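Everything on this sheet refers to the single structure shown next.
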Amino acid sequence: MHSGPLRLFHLSDIHFGLEDIRALEWVVDCIAREKPHAVAITGDLTMRARHHEFQAACEWISALDVPVTVEVGNHDIPYFNLYQRFFDPYRRFKAIERMVETQLDLPNLAIVPLRTTTRAQYQRFPWSNGWVTDHALRQTLTAIDELPEGTRVLVACHHPLPERRADGKLLTINGTRTMEVLAGRKVMGVLSGHIHDPFDLVEETPAGPLRMIGAGTLSKRIRSTPPSFNEIVIDGDRVSVTARNLEKVPTPAMQIDDVPENALPPRLPGEPVAPVGTVPPVDPPVH
Numbered sequence: 012m013h014s015g016p017l018r019l020f021h022l023s024d025i026h027f028g029l030e031d032i033r034a035l036e037w038v039v040d041c042i043a044r045e046k047p048h049a050v051a052i053t054g055d056l057t058m059r060a061r062h063h064e065f066q067a068a069c070e071w072i073s074a075l076d077v078p079v080t081v082e083v084g085n086h087d088i089p090y091f092n093l094y095q096r097f098f099d100p101y102r103r104f105k106a107i108e109r110m111v112e113t114q115l116d117l118p119n120l121a122i123v124p125l126r127t128t129t130r131a132q133y134q135r136f137p138w139s140n141g142w143v144t145d146h147a148l149r150q151t152l153t154a155i156d157e158l159p160e161g162t163r164v165l166v167a168c169h170h171p172l173p174e175r176r177a178d179g180k181l182l183t184i185n186g187t188r189t190m191e192v193l194a195g196r197k198v199m200g201v202l203s204g205h206i207h208d209p210f211d212l213v214e215e216t217p218a219g220p221l222r223m224i225g226a227g228t229l230s231k232r233i234r235s236t237p238p239s240f241n242e243i244v245i246d247g248d249r250v251s252v253t254a255r256n257l258e259k260v261p262t263p264a265m266q267i268d269d270v271p272e273n274a275l276p277p278r279l280p281g282e283p284v285a286p287v288g289t290v291p292p293v294d295p296p297v298h
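Following my numbering, the numbering of the sequence shown begins with 12 at its first residue and continues without gaps.
What follows is the structure, encoded as C-alpha cells:
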C-alpha cells in the first residue's frame, strides 16, 4: 500500500480544436517520466464540443498511462446544436467520460466532482460562466458525506467558485453558499480552471477558510501566462502547488491574485493579470 506524499497533475482548458501541440507533447513527456498518482482535468476538453474534438481529446487522454478523472466545462456543451444543448447537453461529454475515466485508488484521498456548467442561465447571457445549482451541490455533498470518516477531500469543478468580484460583477452563481458548505465539510481544496491563468487563493467563509486552486490552459487561448498545469503534492494535511510551465517561469509569477470576470480577452483595466505578462487582444481564430 502506498505511503508518503501523493502527487497529482491538475490540467484544465485543453481546448482540442485550438490545442497547443507543443504544450501537450510536453505534458505527455512529464507524465510518462514522472508517473503522478493521478491526473485531474477540470473541464473544457474541447473548443466547440464537436465530435472530432471529443475524439481527439479521447485519444490523447486514453494514451496517458496513469489514472485520469475528467470534469465537464462550458465549452464541452454543444455550441451550435441548440436542440442538443437544451435537451441532451452532456451526451457527448458523458460518452468520452465513460471511455477515459479511471477509478482512482488514492489512499485516504477522494476527488469529488462538482458540476458548475448549465445548458442556460436565465440570470444572464452568454452562459459561459458558472452556476452551482442546488441539485449539483446536493450531489457533491452526498458524495462527500458517504466517504469513510477521515477521508481527505479535493473537489473538482470547472469554474472558480467566488460569486462576485469586489466591484460587484457576477461570477459563479450560488458560489458563496457553495464555498461555505464545502469549508464546513473541511474540504482540502477546490480544483478548477476556466480563466486560463493559474491561481492559489484562500477564500474566507463563515464556516472557515477554503483553498481555491486554479490551473492554466494547454491551448492557444493564452491569457497572461504561458501554457501550464499544476503539480499538486499532498503530504498529510499539507497541500503544495507548483504551476509547471514550458517557459520555466516561477510559480509566484504565474499566479493571479484574484479571479477575473470571465475567460475572454482582453482583460479590462483593473482585472487581475499575472506578473509574468500581458493578455493578448484577441484569441486565435477557431476553424
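Glycine residues also receive a C-beta, built at the ideal position from the N, C-alpha and C atoms. The structure presented is a predicted model; accordingly, all values stated were derived computationally and were not measured.
The beta strand (DSSP E) runs of length 3 or more contained entirely in the segment 231-276 are, from start to end of the chain, 239-246 and 249-256. Taking C-alpha positions only, His62 is separated from Val287 by approximately 35 Å. For Asp211, the enclosing beta strand (DSSP E) stretches over residues Phe210 to Thr216.
Around the beta carbon of Arg126, 16 or more other beta carbons sit within 10 angstroms, so the residue counts as buried. The count of Cβ pairs closer than 8 Å, one atom from the segment 49-66 and one from the segment 247-254, stays below three, leaving the stretches out of contact. In the displayed model, Leu148 falls within a helix according to three-state DSSP. By a beta-carbon distance limit of 8 Å, Ile206 contacts Val270. Their separation comes to about 6 Å.
Contact between Leu275 and Glu30 is ruled out by a C-beta separation of about 18 Å, above the 8 Å threshold. Boundaries of the alpha helix (DSSP H) around Val38: Ile32 to Glu45.
Counting other Cβ atoms within 10 Å of its Cβ, Ile155 reaches 16 or more and is therefore classed as buried. In this structure, DSSP gives Glu64 a helical state, which the three-state scheme calls helix.
DSSP places Gly186 inside the alpha helix (DSSP H), whose first and last residues are Gly186 to Gly195. Taking 8 Å as the cut-off, the beta carbon of His21 is found closer than this to the beta carbon of Leu202. Taking 8 Å as the cut-off, the Cβ atoms of Ile267 and Val250 do not count as close.
Using a Cβ distance threshold of 8 Å, Ala226 and Asn241 count as a contacting pair. In this structure, DSSP gives Ala49 an extended state, which the three-state scheme calls strand. Rounded to whole angstroms, the Cβ separation of Arg234 and Val290 is 5 Å, and the two are in contact under 8 Å. By the Cβ-count criterion, His146 is exposed, with fewer than 16 other Cβ atoms from all chains shown falling within 10 Å of its own Cβ.
By the 16-neighbour rule on beta-carbons within 10 angstroms, Leu56 is buried. Between the segment 210-224 and the segment 193-202 there are three or more inter-stretch CB-CB distances shorter than 8 Å, so the stretches are counted as touching.
Taking Pro295 as the centre and dropping the five residues before and after it, the same chain places the C-beta of Leu29, Lys231 and Arg232 closer than 8 Å to its C-beta, in chain order. Residue environment: Leu279 is assigned as exposed (fewer than 16 neighbouring CB atoms within 10 Å of its CB, all protein chains considered).
Between the alpha carbons of Pro78 and Leu115 lies a gap of roughly 6 Å.
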